[in-house]
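Residue numbers (UniProt numbering), protein chains in the order written: chain A, 1 to 454; chain B, 1 to 200. Single-structure report; data block below.
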Amino acid sequence: GRTEFAPDEDAHVVGDCVKHVLRELPSSPVPASCCTALLEAFRLESKESRINSMRAAMSETFPEPNRRLLQRILRMMHTVASHTTENRMTPSAVAACMAPLLLRPLLAGECEMEDDIDMSDDSSAQLIAAANAANNAQCIVTTLLEEYESIFDDEHPRCSLSPDSRIQDSGSEESTDDETVDAKDNGFHDAENDVDQELDERILSGNLSESSARTGADLYDYQVDPGDSDAERFVTDKALEAKSDLKDAPHSHLNQNGTINVQRLPNGNDPTNLASSHESPLSMGEILSSLDAGVPLPGPGAERSADRQSIKSNETQLHVKRSNIWGRSNARKSQQSEFVDSSGEEELAIQRLEIAKNDLQIRIAKETRGNAILQASLERRKQALHERRLVLEQDVSRLQEQLQAERDLRAALEVGLSMSSGQFSGSRAMDSKVLKCESSSWPAVIILSVFGGV
Amino acid sequence: SCASSPSSPDSIIGVGKSCLLLQFTDKRFQPVHDLTIGVEFGQRMVTIGKKKIKLQIWDTAGQEAFRSITKSYYRSAAAALLVYDITRRETFNHVASWLEEMREQADGNNNITIMLVGNKSDLAQRRAVSTEEGEQFAKENGLAFMETSARTRHNVEEAFPQSSSMVCQKIQEGAIDLSKSSGVTPGGDDFSRLEPLPPS
Numbered sequence: 001g002r003t004e005f006a007p008d009e010d011a012h013v014v015g016d017c018v019k020h021v022l023r024e025l026p027s028s029p030v031p032a033s034c035c036t037a038l039l040e041a042f043r044l045e046s047k048e049s050r051i052n053s054m055r056a057a058m059s060e061t062f063p064e065p066n067r068r069l070l071q072r073i074l075r076m077m078h079t080v081a082s083h084t085t086e087n088r089m090t091p092s093a094v095a096a097c098m099a100p101l102l103l104r105p106l107l108a109g110e111c112e113m114e115d116d117i118d119m120s121d122d123s124s125a126q127l128i129a130a131a132n133a134a135n136n137a138q139c140i141v142t143t144l145l146e147e148y149e150s151i152f153d154d155e156h157p158r159c160s161l162s163p164d165s166r167i168q169d170s171g172s173e174e175s176t177d178d179e180t181v182d183a184k185d186n187g188f189h190d191a192e193n194d195v196d197q198e199l200d201e202r203i204l205s206g207n208l209s210e211s212s213a214r215t216g217a218d219l220y221d222y223q224v225d226p227g228d229s230d231a232e233r234f235v236t237d238k239a240l241e242a243k244s245d246l247k248d249a250p251h252s253h254l255n256q257n258g259t260i261n262v263q264r265l266p267n268g269n270d271p272t273n274l275a276s277s278h279e280s281p282l283s284m285g286e287i288l289s290s291l292d293a294g295v296p297l298p299g300p301g302a303e304r305s306a307d308r309q310s311i312k313s314n315e316t317q318l319h320v321k322r323s324n325i326w327g328r329s330n331a332r333k334s335q336q337s338e339f340v341d342s343s344g345e346e347e348l349a350i351q352r353l354e355i356a357k358n359d360l361q362i363r364i365a366k367e368t369r370g371n372a373i374l375q376a377s378l379e380r381r382k383q384a385l386h387e388r389r390l391v392l393e394q395d396v397s398r399l400q401e402q403l404q405a406e407r408d409l410r411a412a413l414e415v416g417l418s419m420s421s422g423q424f425s426g427s428r429a430m431d432s433k434v435l436k437c438e439s440s441s442w443p444a445v446i447i448l449s450v451f452g453g454v
Numbered sequence: 001s002c003a004s005s006p007s008s009p010d011s012i013i014g015v016g017k018s019c020l021l022l023q024f025t026d027k028r029f030q031p032v033h034d035l036t037i038g039v040e041f042g043q044r045m046v047t048i049g050k051k052k053i054k055l056q057i058w059d060t061a062g063q064e065a066f067r068s069i070t071k072s073y074y075r076s077a078a079a080a081l082l083v084y085d086i087t088r089r090e091t092f093n094h095v096a097s098w099l100e101e102m103r104e105q106a107d108g109n110n111n112i113t114i115m116l117v118g119n120k121s122d123l124a125q126r127r128a129v130s131t132e133e134g135e136q137f138a139k140e141n142g143l144a145f146m147e148t149s150a151r152t153r154h155n156v157e158e159a160f161p162q163s164s165s166m167v168c169q170k171i172q173e174g175a176i177d178l179s180k181s182s183g184v185t186p187g188g189d190d191f192s193r194l195e196p197l198p199p200s
């Protein structure tokens, strides 16, 4: 929902939002193959070769958006860790927080580790392997954090130098500030800078559509997609919001960051924007929107707001119309009288109401007739069902009587039959020990139970 | 429940009901048989009077703990084998109480054919109940009698069919009404019902 954090926002909220975004990314910020590469690099003995091969893994296996995202997160972590004395978040503690989100495949066991294959079926071994993976992930991220400059610096000086210097600046400047405010301020500005940087890079590359296609891999891309009107509005809104924020409490950081951003701008940009940004503490949003594909800020913004207003007024008119036609209650009438002033309009409205009233009366009459017909048919149906029920009940009782009669007859017949067979039984048993087979009185199945025991 | 190995502890030794059934239905002997839980089921075709009859056999657990389950099988059977172990006197002593309970539960099914079976006749050297004693008890209580050995198949092929033919005889004499009795199914050569019926 919210895309903007006030300078006094709780640091935990900001941190949790970052983690949430990472968690909700459709794929891992660091792909499985890169995790494996980093893991292999991390396992090397000497620190030098480890860092070298980590750098190699970073430049060779990482897709560009993933690497940029990772760098961005690491810079943020670096900022947090640079205040260890106040927030007690050491690099390894920050790494412990973020590693599971960054190296998702490693913790999910998707990276082959040659020493846990043979005991993968044992649950305790699986636990140990999972603990190992978590430990490795933390150590890898810690290393990336601590050796950030040597791993990333060489090939991307622009990306890494400016945030680092900024972090140092802010650290020294705000040492007197309250620690929480300080930490999140950094987070806030970092996020801003990231947005800025994204846009900046897009303009530099001149390939807007391609960068917007990377949405999902980049943390803030979806917020600043230049092809999207929503994003445009977002930028505009942000500019306005940021402005009002600044009026309340002008912040040296914004100014400073703005300056850095402006300095990074390519020469081809509008010089007036540059000038204005130097003159007053402008918000990031304003700079951003001025950068936004060369579309001037006040134009569309004003237009849009004008449009909105006209839409609103249209809505109001519609509302009045509706209440003219449908409003019958006193409350609505009074509401209507607020909107309609002239007596001519009043008369017109009365006429309309009369028409509506007549129309409704006709409809009600129709409905009433229809209902009466339905009710009559329902009554008939009920009556028919009731009659049918009575007939069936009579049938059932008659059949029950018939059944009872048949049963009585059967009992009588059976008595006669057993008497006659009883007479024969003696002679039959005498007849022979060999049983004669008469299929009519021969069983198909005999059930035999076996009992006994103590 | 059956375990005729002489070294087995008494507590898990049965009188050999399950072994008798296994020998009769599968023609094999299993020296160490697991304890019957509740009721087990076996079936075999027997030929009586040149006609084939399916014999459904419910093998019940001997232990007191299962008595409430086994009770319900008295009523629905047309015939019963009441088995004791000739090497253990206490199993023979218990026959009377089995019989009493059976007659109590039979509840109108007074035509149930009961055969007293002294099992483990192969363990002659450990015999604790004489054949005469068994015969005597059977005679006094109107039961058929036979000594069997599930191990050697002695009388196994006889005990089950003989009980069945006694049932058939009772049917022919009219003492059992085929259409009323729950332990027999009429229908000559109709063998469509292959599954055992649950006890009523």
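C-beta atoms are modelled at their ideal positions from N, C-alpha and C, and glycine is treated no differently. Here the structure is a predicted model, which means the values were calculated and not measured.
Span separating the alpha-carbon of residue i from that of residue j
i         : j         : result
Gly16(B)  : Lys120(B) : 8 Å
Glu24(A)  : Leu101(A) : 10 Å
Leu353(A) : Arg381(A) : 41 Å
Thr47(B)  : Lys170(B) : 17 Å
Ser49(A)  : Asp8(A)   : 43 Å
Asn155(B) : Leu403(A) : 49 Å
Gly370(A) : Ile350(A) : 30 Å
Ala412(A) : Ala405(A) : 11 Å
Met166(B) : Glu387(A) : 58 Å
Ala376(A) : Lys366(A) : 16 Å
Leu143(B) : Ser397(A) : 49 Å
Glu414(A) : Ile447(A) : 24 Å
Cys35(A)  : Glu4(A)   : 32 Å
Gln125(B) : Asp177(B) : 45 Å
Nearest-angstrom beta carbon gap, residue j and residue i [assumed within contact, 8 Å]
i         : j        : result
Met45(B)  : Ala80(B) : At roughly 20 Å, the Cβ-Cβ gap does not stay under 8 Å, so Met45(B) and Ala80(B) are not in contact.
Tyr148(A) : His83(A) : Not really, about 16 Å apart at Cβ, beyond 8 Å.
Gln139(A) : Phe42(A) : Correcting the residue type first, residue 139(A) is Cys in the shown sequence and not Gln. Yes, Cys139(A) and Phe42(A) are in contact; Cβ-Cβ is about 7 Å, under 8 Å.
Glu90(B)  : Asp59(B) : Not a contact, Cβ separation roughly 21 Å.
Val141(A) : Met89(A) : Actually they do not touch by this definition, with Cβ atoms about 13 Å apart.
Ala150(B) : Cys19(B) : 4 Å
Chain B contact for residue i (CB, 9 Å cutoff)
i         : result
Val454(A) : yes
Leu39(A)  : no
Val415(A) : no
Leu403(A) : no
Val450(A) : yes
Val391(A) : no
Ala412(A) : no
Secondary structure of residue i, DSSP reduced to three states
i         : result
Leu143(B) : coil
Ala79(B)  : strand
Asn119(B) : strand
Arg380(A) : helix
Arg67(B)  : helix
Gly183(B) : coil
Lys51(B)  : strand
Ser165(A) : Legend: pLDDT at Ser165(A) = 40, less than 50; position of this residue unreliable, no value from coordinates given.
Gly344(A) : helix
Glu24(A)  : helix
Thr36(A)  : helix
Gly370(A) : helix
Ala349(A) : helix
Test: residue i CB closer than 9 Å to a CB of chain A
i         : result
Ala144(B) : no
Gly134(B) : no
Ala94(B)  : Correcting the residue identity first, residue 94(B) is His in this sequence and not Ala. Chain A, which has a Cβ nearer than 9 Å to the Cβ of His94(B), makes this yes.
Val129(B) : no
Asp122(B) : no
Glu90(B)  : yes
Lys139(B) : no
Thr185(B) : yes
Val156(B) : no
Ser149(B) : no
Residue i beta carbon near the ligand NAP (any heavy atom closer than 8 Å)
i       : result
Asp8(A) : Of ligands this structure carries none, so the ligand NAP is not represented either.
Query raised in the report: Taking any Cβ of chain A, which residues in the segment 75-86 of chain B have a Cβ under 9 Å from it, in chain order?
Result: Ser76, Ala77, Ala78, Ala79, Ala80, Leu81, Leu82, Val83, Tyr84, Asp85
Requested in this report: Anything in the segment 19-31 of chain B with a Cβ closer than 9 Å to a Cβ of chain A? List those residues in chain order, please.
Outcome: Leu20, Leu21
**Report entry** Residues, ordered as in the chain, of the segment 32-43 of chain B that lie near chain A by beta-carbon distance below 7 Å
**Finding:** Cβ contacts with chain A: none found.
Report task. Quick one: which residues of the segment 54-76 of chain B get their C-beta closer than 9 Å to a C-beta of chain A? List them in chain order. Result -> Lys54, Leu55, Gln56, Ile57, Trp58, Asp59, Thr60, Ala61, Gly62, Gln63, Glu64, Thr70, Tyr73, Tyr74, Ser76
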